[in-house]
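Some notes on the structure that comes next.
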Amino acid sequence: MQVFKTYHKIIKRKFLSIAILLVAYLGLSLLYSHSDLTSDVNSFTDIEVEIAFLNEDMTNENNTELVEGMKSYLSQHAEIVTVVDNREDIQNALFSNEIQAAIRIPYGFTKKFFKDNSLTIEQMSKPDSLEAFYVQSHINKFLNKAKIYASYMDEDDQAQIVERVKDDLSKYINVEVHGDSNVLLEVTRNMINHYNFLGLYLLFSIVSGVGMSMMVFNKPEIIKRNNISSLSISNRNFQLFLGNISYVLFCWGLGMLISIVFFRHQFSLPKTILFSINALCFAITCLSIGFLIGKNVRNKNTFNSLVAIIILSMTFIGGLFIPLELMSSKIIKVAQFTPIYWYIKANDNIQNLDIVSSDYLIPIGWQILTVCAFGIGIFAFTFIISKVKYSRFHSQ
1 MQVFKTYHKI
11 IKRKFLSIAI
21 LLVAYLGLSL
31 LYSHSDLTSD
41 VNSFTDIEVE
51 IAFLNEDMTN
61 ENNTELVEGM
71 KSYLSQHAEI
81 VTVVDNREDI
91 QNALFSNEIQ
101 AAIRIPYGFT
111 KKFFKDNSLT
121 IEQMSKPDSL
131 EAFYVQSHIN
141 KFLNKAKIYA
151 SYMDEDDQAQ
161 IVERVKDDLS
171 KYINVEVHGD
181 SNVLLEVTRN
191 MINHYNFLGL
201 YLLFSIVSGV
211 GMSMMVFNKP
221 EIIKRNNISS
231 LSISNRNFQL
241 FLGNISYVLF
251 CWGLGMLISI
261 VFFRHQFSLP
271 KTILFSINAL
281 CFAITCLSIG
291 FLIGKNVRNK
301 NTFNSLVAII
311 ILSMTFIGGL
321 FIPLELMSSK
331 IIKVAQFTPI
341 YWYIKANDNI
351 QNLDIVSSDY
361 LIPIGWQILT
371 VCAFGIGIFA
381 FTFIISKVKY
391 SRFHSQ
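Residue numbers (full-length UniProt numbering): 1 to 396.
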């Protein structure tokens with residue numbers, strides 16, 4: 001296993017860089033994931049929220065009974081503000097605090113709800129908005145209750161469903177909190193930020209580590225030395241494969257361990273499994289990016305510059321540092337061609353997962369598969385380039 005051992009000797013030289021990345025990742029996670037989490041409170045009350053309710057699911061120019069019922073329920077917990085229905089005006093309203101969230105009901109929502117329960121409500125808000133989470137929680141409460149009744153009632157029974165849902169949700173339970181009043185407010189967005197920054201850590205550590213190792217093994221003098229050795233090409237490639245996979249699993253496992261420790265009080269087995277699968281698929285895609293760069297770059301300075309440019313551009317347009325809600329539609333279209341966009345989209349949907357069912361899991365599954373597809377595509381592209389280079393070299 002000489003190649004395998006040599007691979008890890010190269011990786012050990014990157015340990016300082018990996019440690020710095022890990023500290024930066026932990027710092028960002030602590031900053032974004034634990035800011036404003038604790039509060040000296042012993043009671044909970046509704047907060048004042050202004051929202052825009054934009055409905056495209058109309059019947060004879062009127063809201064469907066399901067949508068009207070949801071709007072009526074939300075109006076009990078938020079003030080519904082009228083805004084012009086275009087992206088720029090909505091963003092301006094969010095920036096000026098005229099509204100804290102904008103809810104859009106797409107055309108055909110009611111029919112889809114009763115047909116296959118595919119919920120496609122769009123919400124725009126400021127990043128890390130507690131008010132937006134508050135509104136989303138009320139939407140989830142209403143729709144989850146409605147889904148139960150819709151499973152054995154028809155679309156024609158919308159009025160009865162809405163009445164029963166409102167009746168159920170109007171029943172409150174008074175809870176008295178004893179003990180320490182320093183209560184942990186489990187704000188959903190904090191966990192999403194943490195797992196999103198896990199993607200940044202995986203990108204930097206895996207792309208730079210794998211890329212640097214592959215660049216060393218693809219030096220002409222190293223290739224010539226390996227070609228005259230007793231080690232077969234297939235054996236050498238297998239050991240390189242083991243080296244790459246073991247390093248990726250190490251980075252991924254370390255990141256997931258830290259995530260579980262950070263959020264042990266918010267541990268949810270289904271969500272943790274989905275977060276882990278999404279992060280693992282993204283880690284494999286990071287491996288493919290590092291593999292592509294390492295196989296085709298020879299200069300160390302060029303390598304470092306290229307890695308920095310690729311990673312920073314992906315993270316900025318992919319929605320890590322700048323929330324997608326604040327981006328123009330053109331930038332979002334470009335962002336969809338980056339794996340981190342789909343990684344972050346999957347994280348958002350996983351965190352909003354209230355019921356483990358195929359209706360909720362299928363969209364998440366497609367987003368995770370899209371992340372995997374990027375990795376497969378990049379690997380295929382790398383092998384095509386290698387084959388072309390090999391053919392040209394032997395044709396000379």
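Cβ coordinates follow ideal geometry from the N, Cα and C atoms, glycine included.
Model, not experiment: these values are computed from the prediction.
Alpha carbon of residue i to alpha carbon of residue j, nearest angstrom
| i | j | result |
| --- | --- | --- |
| Val210 | Leu361 | 32 Å |
| Glu186 | Tyr195 | Any answer about Glu186 is weak, because its pLDDT of 43 lies below 50 and its placement is not dependable; what the coordinates show is given next. If I take the Cα positions, the gap works out to 15 Å. |
| Ile222 | Ile245 | 21 Å |
| Met327 | Asn92 | 12 Å |
| Asp180 | Cys251 | In this predicted model, Asp180 has a pLDDT of only 40, less than 50, meaning its place in the structure is not dependable enough to derive any value. |
| Ile332 | Asp348 | 16 Å |
| Asn63 | Thr82 | 16 Å |
| Ile311 | Ala24 | 15 Å |
| Val84 | Ile90 | 7 Å |
| Ala150 | Phe133 | 25 Å |
| Ala308 | Tyr341 | 18 Å |
| Met314 | Leu143 | 35 Å |
| residue 402 | Ile284 | Given a span of 1 to 396 for the chain in the structure shown, any question on residue 402 remains unanswerable. |
| Ile368 | Glu98 | 36 Å |
| Lys71 | Phe316 | 35 Å |
| Arg225 | Gly375 | 30 Å |
| Ile105 | Val248 | 41 Å |
| Ala78 | Leu94 | 15 Å |
| Gly243 | Gln336 | 31 Å |
| Lys387 | Gly319 | 35 Å |
| Gly377 | Tyr343 | 16 Å |
| Ile258 | Ile228 | 44 Å |
| Val49 | Val334 | 33 Å |
Extent of the continuous alpha helix (DSSP H) run through residue i
| i | result |
| --- | --- |
| residue 397 | Examination of residue 397 is not possible in this model, given that the chain is present from 1 through 396 alone. |
| Ser278 | The question names Ser, but residue 278 is Asn in the sequence shown. Here the alpha helix (DSSP H) through Asn278 covers Leu269 to Asn296. |
| Phe263 | Looking at the DSSP string, Phe263 is not in any alpha helix (DSSP H), and its letter there is neither H nor E. |
| Phe4 | Gln2 to Lys12 |
| Gly69 | Glu65 to Ser75 |
| Gln336 | That residue, Gln336, is in no alpha helix (DSSP H); it is neither H nor E in DSSP. |
For residue i, three-class secondary structure by DSSP
| i | result |
| --- | --- |
| Ser151 | coil |
| residue 442 | Since the first residue shown for the chain is 1 and the last is 396, residue 442 is missing from the structure and cannot be characterised. |
| Ala102 | strand |
| Ser328 | coil |
| Ala380 | helix |
| Asn244 | helix |
| Asn299 | coil |
| Ile20 | helix |
| Asn304 | helix |
| Ser170 | coil |
| Ser232 | coil |
| Ser96 | coil |
| Met214 | helix |
Other residues of its chain near residue i: CB distance less than 8 Å, five sequence neighbours each side excluded
| i | result |
| --- | --- |
| Asn174 | For Asn174, the pLDDT reaches just 45, beneath the cut-off of 50, and the residue's location in the model is therefore unreliable, although a value from the coordinates is still provided. Same-chain partners within the cutoff: there are none. |
| Phe44 | Any reading at Phe44 is ruled out, since the residue's pLDDT is 43, under 50, leaving its predicted position unreliable. |
| Ile103 | Ile51, Ala52, Phe53, Leu54, Leu74, Ile121, Glu122, Gln123, Val135 and Ile139 |
| Met153 | Gln160 and Ile161 |
| Leu169 | Tyr73, Lys141, Phe142 and Lys145 |
| Lys166 | Gly69, Ser72 and Tyr73 |
Residues near residue i in its chain [Cβ-Cβ closer than 7 Å; skip 5 each side]
| i | result |
| --- | --- |
| Leu240 | Val3, Tyr7 and Phe217 |
| Gly255 | Leu198, Tyr201, Leu202 and Ala279 |
| Ile385 | Asn296 |
Top-ranked residue by Cα proximity to residue i, from the options
| i | options | result |
| --- | --- | --- |
| Leu198 | Ile277, Ala159, Leu169 and Gly243 | Ile277 |
| Ile293 | Ser151, Gln160, Phe381 and Gly27 | Phe381 |
| Glu155 | Phe114, Lys147 and Val162 | Phe114 |
| Thr338 | Phe282, Val49, Ile385 and Leu353 | Phe282 |
| Lys330 | Ser391, Cys286, Glu163 and Arg87 | Arg87 |
| Gly27 | Asn193, Gly69 and Arg13 | Asn193 |
| Tyr107 | Ala101, Met58, Asn301 and Gln100 | Met58 |
| Ala146 | Arg225, Ala335, Pro363 and Gly69 | Gly69 |
| Thr272 | Ala19, Ala346, Ser96 and Leu16 | Ala346 |
| Lys126 | Pro323, Gly377 and Lys389 | Pro323 |
| Arg13 | Thr302, Ser205, Asn299 and Phe321 | Ser205 |
| Ile20 | Trp366, Lys5 and Ser208 | Ser208 |
| Phe275 | Phe291, Cys286 and Gly253 | Gly253 |
| residue 451 | Ser391, Leu269 and Met214 | The shown model of the chain, from 1 to 396, leaves out residue 451, and the question about it has no answer. |
Range of the contiguous beta strand (DSSP E) that encloses residue i
| i | result |
| --- | --- |
| Ile121 | First-last for Ile121: undefined, no H or E at that position. |
| Ile51 | Glu50 to Asn55 |
Own chain, CB closer than 6 Å to residue i, minus 5 neighbours either side, in chain order
| i | result |
| --- | --- |
| Gln158 | Glu65 and Leu66 |
| Phe379 | Ser288 |
| Phe109 | Asp57 |
Within-8 Å CB hit, residue i to chain C
| i | result |
| --- | --- |
| Phe337 | Among the chains in the structure shown there is no chain C, since it carries only a single protein chain. |
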